[in-house]
Every structure is written in C-alpha cells, then in structure tokens.
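Enquirer:
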Amino acid sequence: ERNESIKDEL
Amino acid sequence: MNIFRFAGDMTHLASVLVLLLKIHTIKSCAGVSLKTQELYAIVFATRYLDIFTDFISLYNTFMKLVFLGSSFSIVWYMRSHKIVRRSYDKDQDTFRHYFLIVPCLLLAMIINEKFTFREVLWTFSLFLEAVAILPQLVLLQRTRNIDNLTGQYIFLLGAYRAFYIFNWIYRYFTEPHYVHWIPWIAGLLQTLLYGDFFYYYFHSWKNNKKLQLPA
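So this is what it looks like as structure tokens:
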C-alpha cells in the first residue's frame with residue numbers, strides 16, 4: 002500500500 | 002527503478018568496495034573509523050530485516066546481501082584481522098557512537114509511519130545512517146590529513162545519498178502519492194552533513210593538492 006512503495010529501495 | 006536511484010546504488014556499492022579493497026589489499030585501515038563502520042553494519046542490519054520475508058527482485062536481494070556482507074566484513078577486518086587491526090587508531094577514533102544510537106532509536110519510536118517492530122527499526126536505520134559518518138569526519142579532523150582511498154570512500158558515500166534525493170524528487174513527480182517525509186528529511190540532513198567535506202574535497206581536487214581539512 003502507500004507507505005510500502007519506498008521499501009523497494011535499498 | 003530510475004537512473005538516479007541506479008546511479009545512487011552503484012555509487013554506494015563503489016564506496017563499500019573501495020574501502021573493502023583498500024583494507025584487503027594494503028592490509029591497513031589507517032584513517033578509517035571503526036565506529037562509523039559499526040554504525041553502518043547496524044544500519045544495514047536494521048534496514049534489511051525484510052530480506053528473507055519480502056522478495057522484491059533479484060537485484061534488491063543481491064545488493065542487500067552485498068551491503069550486509071561488505072559492512073560486516075569491514076568491521077571484522079578492523080576488529081579481528083591480525084594485521085589490519087594493528088593499523089586501527091583506537092586512541093583517535095573515540096566518538097561515543099552510542100550517543101547516536103540511543104537518540105535515533107528514541108526518535109524512531111516517536112516519528113515513524115506505523116508503530117511496528119520492523120517499521121520502527123527501518124526508521125531507526127534511516128536516522129542512524131544520516132549521522133553514521135560523524136565518527137569518520139571527527140577522526141579526519143583529528144588526523145588532519147586523509148589518504149586518497151578514504152577520501153574517495155567518503156565522497157562516494159555522500160554522493161550516493163545525493164543521487165537518492167534526485168530519485169525521490171523523480172518518483173514524487175512520476176508516482177501518485179509517493180510521499181515519504183521521514184527518509185527525505187533524513188537523507189537531506191545526511192547529504193548536508195557531507196557538505197563541508199565535499200567543499201574541501203572539491204578544492205583539493207581542483208588545486209590538485211593533498212586534501213587537508215581545517216583544524
């Protein structure tokens with residue numbers, strides 16, 4: 002969801 | 002994935018490889034702060050807790066393993082390798098890094114996107130990464146001079162987060178509701194912290210003289 006999108010970054 | 006983020010990841014990879022190669026080839030860690038390396042090992046350990054639970058891509062998993070492996074290897078080299086540890090300047094590397102860990106942990110308990118174990122530690126890793134370079138910069142101020150490889154290491158480390166800022170700007174404009182103030186502010190602070198080092202690094206490179214940091 003919204004705040005997971007940045008978790009694909011290192 | 003966008004060019005800014007890829008450039009950032011490659012710059013980050015280059016920084017840890019430069020340091021690992023330096024320590025591995027010349028068997029010396031002179032001028033390198035063990036405290037900063039320990040902080041980075043904690044940053045990666047708390048940042049990548051999802052490495053075995055959330056598979057994002059081969060690239061993502063591979064890079065996480067490289068960053069975890071390299072940061073822990075550097076710490077192992079500096080603490081336990083019989084030759085390398087002799088060149089570690091523990092009398093100068095005296096920054097009390099626990100004074101960084103506790104406030105970052107408390108702050109992450111207060112400021113986070115959701116109060117779960119993994120989210121708090123992930124946020125903690127962002128705050129800690131922003132200040133992890135401090136012991137290294139203090140060590141450089143003390144030892145005054147800086148050898149090329151350590152200078153390149155710090156430069157690349159600062160540059161990677163600057164690339165990430167461009168990545169965040171790019172994603173903000175291209176992805177709907179991609180808004181993450183916590184990493185953005187932490188990342189901006191981190192890059193600013195390198196600011197004065199960049200200034201001296203650039204001038205030493207331009208005048209082609211040895212990098213001297215002011216007392």
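Protein chains in written order, with my numbering: chain S, 2 to 11; chain Y, 2 to 216. Even for Gly, the Cβ is constructed at its ideal location relative to N, Cα and C.
(1) Three-state secondary structure (DSSP) at N146 of chain Y?
(2) Compare the C-beta of K65 of chain Y against all C-beta atoms of chain S and say whether one is closer than 8 Å.
(3) Threshold first: 4 residues or longer. Then list the alpha helix (DSSP H) segments lying entirely within the region 40-87 of chain Y, N to C.
(4) Run through chain S and tell me which residues come within less than 7 Å of R6 of chain Y, C-beta to C-beta.
(5) Does I57 of chain Y come within less than 8 Å of chain B when only Cβ atoms are used?
(6) Could you give the uninterrupted runs of the alpha helix (DSSP H) lying entirely in the region 178-208 of chain Y, keeping only those of 4 residues or more?
(7) Counting pairs of Cβ atoms below 8 Å between the region 63-72 of chain Y and the region 39-48 of chain Y, do you hit three or more?
(8) So is Y179 of chain Y in contact with chain S if we call contact Cβ pairs under 8 Å?
(9) Under 8 Å, Cβ to Cβ, is there at least one residue of chain S near N61 of chain Y?
(10) Would you say F53 of chain Y reaches chain S, if we count a Cβ-Cβ gap shorter than 8 Å as a contact?
(11) With 16 other CB atoms within 10 Å as the buried threshold, where does Q222 of chain Y fall?
(12) By the criterion of Cβ-Cβ separation under 9 Å, what are the contact partners of E130 of chain Y in chain S?
(13) Answer yes or no: do Y154 of chain Y and S16 of chain Y have a C-beta to C-beta separation smaller than 8 Å?
(14) What distance in whole Å lies between the Cβ atoms of R145 of chain Y and L214 of chain Y, which are believed to be in contact at a cut-off of 8 Å?
(15) Does I7 of chain S have its Cβ less than 8 Å from a Cβ in chain Y?
(16) Hey, D94 of chain Y and L140 of chain Y are a contact pair by Cβ (cut 8 Å); roughly how many whole angstroms apart?
Expert: Taking the definition as stated:
(1) N146 of chain Y: strand per DSSP, three-state reduction.
(2) With 8 Å as the cut-off, K65 of chain Y counts as an interface residue toward chain S.
(3) Runs found: 59-81.
(4) Contacts between R6 of chain Y and chain S, judged by CB atoms closer than 7 Å, involve E10 in chain order.
(5) The chain labelled as chain B is not found among the protein chains of the depicted structure, namely S and Y.
(6) Counting whole runs of 4 or more residues, the region 178-208 of chain Y contains the alpha helix (DSSP H) stretches 182-194 and 196-207.
(7) Yes, the region 63-72 of chain Y is in contact with the region 39-48 of chain Y.
(8) For Y179 of chain Y, the answer is yes, since a Cβ of chain S falls inside 8 Å of its Cβ.
(9) Yes, its Cβ sits closer than 8 Å to a Cβ of chain S.
(10) No, because no Cβ of chain S sits closer than 8 Å to the Cβ of F53 of chain Y.
(11) Any answer about residue 222 of chain Y is impossible in this case: the structure gives chain Y only from 2 up to 216.
(12) Under a criterion of Cβ atoms nearer than 9 Å, no residue of chain S is adjacent to E130 of chain Y; the nearest Cβ is some 11 Å distant.
(13) Cβ atoms of Y154 of chain Y and S16 of chain Y: closer than 8 Å.
(14) About 6 Å separates the CB atoms of L214 of chain Y and R145 of chain Y; that is less than 8 Å, so the two are in contact.
(15) I7 of chain S belongs to the set of residues whose beta carbon lies under 8 Å from a beta carbon in chain Y.
(16) Between L140 of chain Y and D94 of chain Y the Cβ distance is about 5 Å, and since that is below 8 Å, they are a contact.
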